[in-house]
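Residue numbers (this note's numbering), protein chains in the order written: chain H, 1 to 617; chain B, 1001 to 1098.
No residue lacks a Cβ here, since even glycine has one placed at the ideal position from N, Cα and C.
In what follows, a single structure is set out as C-alpha cells and then discussed.
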Amino acid sequence: MSITAETAKAHAHDPAVLCCRAEGGITIEPANLEDPAIFDDLVDSGLLNLDGCLTIEEVLGAKLVKTCDSLCPLTADVVEGAKAPSAPAQEEAPAEEEVPAAPAAPAAPAPMTAGGMLKIHIGEGKDINLEIPVGALGGGAAAPAAPAVVAAAEAAAAPAEKAEEKVVRTLTRKHFKITEVKRGPETKIEGTTLYIREGIEAEVIDNQELVKDFHLEIITPDLYHTYSETIMDVQPIATKEGDDDIGTGVTRVLDGVVMMLTGVDEGGVQIGEFGSSEGYLDENIMWGRPGCPDKGEIFIKGNIVVQEKTNMERRGPMAAHTAFDIITQEIREAMKKLDESLVAETQELKQVRRPGKKKVVIVKEIMGQGAMHDNFILPVEPVGVLGARANVDLGNVPVCVSPLEVLDGCIHALTCIGPASKEMSRHYWREPLVLEALHDEEVDLCGVVFVGSPQINAEKFYVSKRVGHTVEMMDADGAFVTTEGFGNNHIDFASHIEQIGMRGVPVVGMSYCAVQGALVVGNKYMQYMVDNNKSESGIENEVLGCNTLCPEDAVRALAMLKTAMAGEDVKAAERKWNPNVKSTNVELIEAVYDRKIALEDNEQSLPMSQKRKEKYD
Amino acid sequence: MNDERLNYGGKIIYMEGIIVDVDDCSISVDLKGRLGFFKAPKRMFICDTEPKIGQEVGWNMSFPEQLGPEVNEKYVSNIEKERRKQEEMRKRLDNKEV
C-alpha cells in the first residue's frame, strides 16, 4: 500500500521500500513507497532485508535507475540523486549528554499494538548520564538503539507566573490500631482488640435471599499458609464521622486488619468461575500492593455460599458483597463509638488546586461488562454498599469524582476475574496515581473521572465519546487513562485515549500489557504508554494484585505526561515487550528528579508454589 | 516468555464456533465440526452487539501443546479439593431438597 506525503514526512528517517513495481527512470514519490509500519513483520519473517536501505527523505525526488519489483528496498545502487540525510545516524547512544532526537518518527500505530511500552524522554535537567542496554533490544535488527534522549531545555518547568495553591477541601483520616481480632458476645473494640459478635453469620445469611451459607475466619499472620478459595475482594474497614460525606470531613479507619471476601455457589463452584488465586494465601498474594493486604495484617475472611448457579449471574456476586457488608457495617458502628484517645495517628489529605500549573485529569476505566465486572460507585460509607449505584446500572457513563473521594473509598469494587491485574476496593483507597498527582507541585490535578467498560463495542464508543467531551470541557492540559485487567476493555481504553488525544490533549495510557495483555488495538494518539506489568515473564501469573498500578508506575506516568505536555518527543516502543525499557526509564527519572524510586517486588519474592515453579518461571 | 516451548506455535488456524450459552460474566462456545467447547470470560470476547445464543463467532488459534510430561501436584490437589467440596455441597443440597 502506498503512503501519503504526510506519512512520508512522519517516517522521513525510516527505510524506503517500493510498495509496487516501478519502472526505471521514474522520480520517486511517496505514492511509490510502502508504509514502514509493516516492515518489522516482514523483516522478522525474512521477506525483507533492509541492509543498506536509504531512508524515505533521502530517496524522495530522486530517480530510480532501473525497474524494480514491489517490496524492493531502495539502496544507493538503484537510486540516482539521493539527498543527504538531515539528521545524524541513529546508532550512537551511550553516555552522550545531549543527542539530537534522531529517529523522529512519532510512533506508528503498529508498534503500539505489539508491546504497549514506550521509552520516555525527560524535559528538564543537566549532566545526565544515559545507560542504554543496546544489546538488549529484541529481534529486529533495524530497531533504533537510542532511546530516551534528554533535551536539556527546561521546557517542562512550571510557567513563570506564581499562583497560590488553593486547598479545596480536606479529608482527615483517624487511624485506630488493631492488633487482635476475636469473637465475642458483641461487636466492639476494646483497646486494640476487635471483637466480632458470635452468631453474626446468621444475619449475613438472612440478609440476602441468594446467600445460603456463610463462614467467617480470622486469619492471623501465623495462619497465612492456609488454603483459601479465590479471593474476590480486599477492603479497608472505615467509617465516616457524623454526617460527613465521602471525600470530606473525618474518616475513621482500622489499621492492621482488612476484610477479605471469598465465595462459592451451593454446588461448590467459585463465584467468578475463572479466578484462580485459590491455594495457599501466602503463595498467592502479592503483599503490599495498593489493593492487597500488607504482610502482618489480620484478615477477616468471609466465605459466602450463594444459591446454586447464581455464581455466574450478576445477582450472585452482588448478593455476596451486600451480605458481607453486614459485618463491616457492624464494625463501622462500633468504630463510631470509639474514644478519641485511641487514635493512633491522624493524617490530613488535602485536595489542592494549583492554578497556573499544567491542569491534568485522571480517567480511570473500570470494568462494566456485567456480573462481577462491575463496581458500586459512591456509597454512604467508605467501600460500603448502601447508597451506591452500580456502574453497569448507570450505563457505564463517565462519573466525575474528586481525588479525595477516590481515596475515601468511593468505589466498592466487585472486581473482575484476572487476579494479577484486578483493582480491588482497597486499591482505590490507596490509589498511587491519584496520590502522586495530588502531591506533585508541578501539576494541577483537577479531578478523577470513572468510566465503565461495557461489553458491546457500540456502547464502548458511546461512553468514550462522553469521556472526550468531559475532558474537553475541563480544558485539561494533559490526561491519564488507566485501566485494570486486559481483554475487550482495551478497545475502549484505546478509544478514550483517541477521544482525548484528538482534542489536542496529550494522554498517558496505563494498563497491564506485557506479553499476555498486549493491546488488541492502537491509534496514533497512543504514543505515551506505561505498562503496569511486574511479573517476571510478563504474564497473568495468578498472583493477587501483582500487575496492578503501583507507585513506581505512577511516577513513570507522571514524568511521561510532563514530558508530553512540554511538547517533547517520546520514543516509540519496541515491537516486542522488553522489560529493559522500564528500567532505563526509571534510571532516567531518578537521575533527573534526583529521587530514588523504590521498585516493587514481584512474584519471585513469594514462597515458590509448585504450580508457579513448574508452569511459569 | 514460554512460547519457545511450543513446537507448532506458529501454526495459526482460523476457527469458528457457535455461542451456546451466555451468562452475566461468560460466553460458552461450541467449536464447529465437533472440535470441542470452551467457556471464556466476557471481557475476553469482542462483540459489536449483545452476545446471544446461536450467534457465530470466529477467532484464530493454534493447537494446545503439552509443555512436558510432569504433573503439577499443586493443580492436582486444587482440583481434588474442588471436586471433594463440590461433592459435599451437592450432597447437602440434595438432602435439603428431600
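Kindly list, in the order they appear in chain B, the residues whose Cβ is closer than 7 Å to that of residue 491(H).
Simply 1046.
Residue 523(H) touches chain B at which residues, Cβ-Cβ below 9 Å?
Within 9 Å Cβ-Cβ: nothing; residue 523(H) doesn't reach chain B, min ~16 Å.
I need the straight-line Cα distance from residue 305(H) to residue 168(H), nearest angstrom please.
If you take the alpha carbons of residue 305(H) and residue 168(H), they lie about 44 Å apart.
Give the secondary structure of residue 1018(B) by DSSP, where H, G and I count as helix, E and B as strand, and everything else as coil.
Reduced to three states, the DSSP call for residue 1018(B) is strand.
Which runs of the alpha helix (DSSP H) fall wholly inside the stretch 156 to 240 of chain H and span at least 4 residues, in chain order?
200 to 207, all fully within the stretch 156 to 240 of chain H.
Could you confirm whether any beta carbon from chain H is found closer than 8 Å to the beta carbon of residue 1005(B)?
No, its Cβ sits nowhere closer than 8 Å to a Cβ of chain H.
In angstroms with no decimal places, state the Cα-to-Cα distance between residue 398(H) and residue 366(H).
Answer to the nearest angstrom: the Cα atoms are 10 Å apart.
So residue 619(H) and residue 338(H) are in contact, right, with Cβ under 8 Å, and what is the actual spacing, rounded?
Any question about residue 619(H) goes unanswered here, given that chain H covers just 1 to 617.
Roughly how many angstroms lie between the CA atoms of residue 11(H) and residue 33(H), to the nearest whole one?
Approximately 11 Å between the Cα atoms of the pair.
State yes or no: is the beta carbon of residue 1095(B) nearer than 8 Å to at least one beta carbon in chain H?
No, residue 1095(B) lies away from the interface with chain H (no Cβ there is under 8 Å from its Cβ).
Of all the residues that make up the stretch 307 to 328 of chain H, which are near chain B by a beta-carbon distance shorter than 7 Å?
The stretch 307 to 328 of chain H vs chain B, Cβ under 7 Å: 308, 312, 313, 314.
Quick one: does residue 340(H) have its CB under 8 Å from some CB of chain B?
So no, residue 340(H) is outside the interface.
On the criterion of 16 or more Cβ atoms from any shown chain inside 10 Å, does residue 318(H) qualify as buried, or is it exposed?
Result: buried.
Going by DSSP in three states, residue 1092(B) sits in which element: helix, strand or coil?
Reduced to three states, the DSSP call for residue 1092(B) is helix.
Going by DSSP in three states, residue 598(H) sits in which element: helix, strand or coil?
Coil.
Output needed for residue 14(H): all residues of its chain with C-beta closer than 7 Å, excluding positions within five of it in sequence on either side, in chain order.
Hits under 7 Å: 36, 55, 56, 105.
Please confirm whether residue 270(H) and residue 230(H) have their CB atoms less than 8 Å apart.
Contact: yes.
What number of angstroms, rounded off, separates the C-alpha of residue 330(H) from the C-alpha of residue 223(H)?
Roughly 25 Å between the two C-alpha positions.
Give the range of the beta strand (DSSP E) segment to which residue 1041(B) is assigned.
Its beta strand (DSSP E) spans residues 1037 to 1041.
Rounded to the nearest angstrom, how far is the Cβ of residue 352(H) from that of residue 476(H), given a contact under 8 Å?
So it is not a contact: roughly 16 Å between Cβ atoms.
Under a three-way DSSP split, which group does residue 316(H) fall into?
Here residue 316(H) sits in helix by DSSP.
Starting from the beta carbon of residue 532(H), find every residue of chain B whose beta carbon is closer than 7 Å, and list them in chain order.
By Cβ distance, chain B contributes nothing, its closest Cβ being about 16 Å from residue 532(H), past 7 Å.
At a CB distance below 8 Å, what residues from the stretch 450 to 463 of chain H approach chain B? Give them in sequence order.
Of all residues in the stretch 450 to 463 of chain H, 453, 455, 456, 457, 458 have a Cβ within less than 8 Å of some Cβ in chain B.
Take residue 208(H) and list the residues in its own chain whose beta-carbon comes closer than 7 Å to its own, dropping the five residues that flank it on each side.
Closer than 7 Å at Cβ, skipping near neighbours: 319, 322, 323.
One question on the structure: do residue 528(H) and residue 560(H) come within less than 8 Å of each other, judged by their Cβ atoms?
Contact flag set, yes.
Please report the straight-line C-alpha distance between residue 429(H) and residue 4(H), rounded to a whole angstrom.
Spanning the two alpha carbons is a distance of roughly 49 Å.
Considering Cα atoms alone, identify which of 1079(B), 1089(B), 1062(B) is closest to residue 1011(B).
Checking every option, the nearest Cα to that of residue 1011(B) belongs to 1062(B).
Using the beta-carbon of each residue, which ones in chain B are nearer than 7 Å to residue 536(H)?
Within chain B, no residue comes near residue 536(H); the closest Cβ sits about 10 Å away, beyond 7 Å.
What does DSSP give as the partner residues of residue 79(H) in its beta bridges?
According to DSSP, residue 79(H) bridges with 64(H).
Would residue 657(H) and residue 1045(B) be called neighbours here (beta carbons separated by less than 8 Å)?
Chain H is shown from 1 up to 617; residue 657(H) falls before or after that span and cannot be answered.
Is the CB of residue 1055(B) under 8 Å away from at least one CB in chain H?
False, the Cβ-Cβ gap to chain H never drops below 8 Å.
Which of helix, strand or coil does DSSP assign to residue 373(H)?
Of the three classes helix, strand and coil, the one that applies to residue 373(H) here is strand, per DSSP.
Note down, in chain order, every chain C residue with its Cβ under 9 Å from the Cβ of residue 1042(B).
Given the protein chain composition of this structure (H and B), no chain C is represented.
Whole angstroms are fine: how far does the CA of residue 1050(B) sit from the CA of residue 962(B)?
Residue numbering for chain B in the displayed model covers 1001 to 1098; residue 962(B) lies beyond these limits and cannot be assessed.
Which stretch, first to last residue, makes up the beta strand (DSSP E) that contains residue 450(H)?
Start and end: 443 to 453.
I need the DSSP call for residue 30(H), collapsed to helix, strand or coil.
Residue state, collapsed to three classes: helix.
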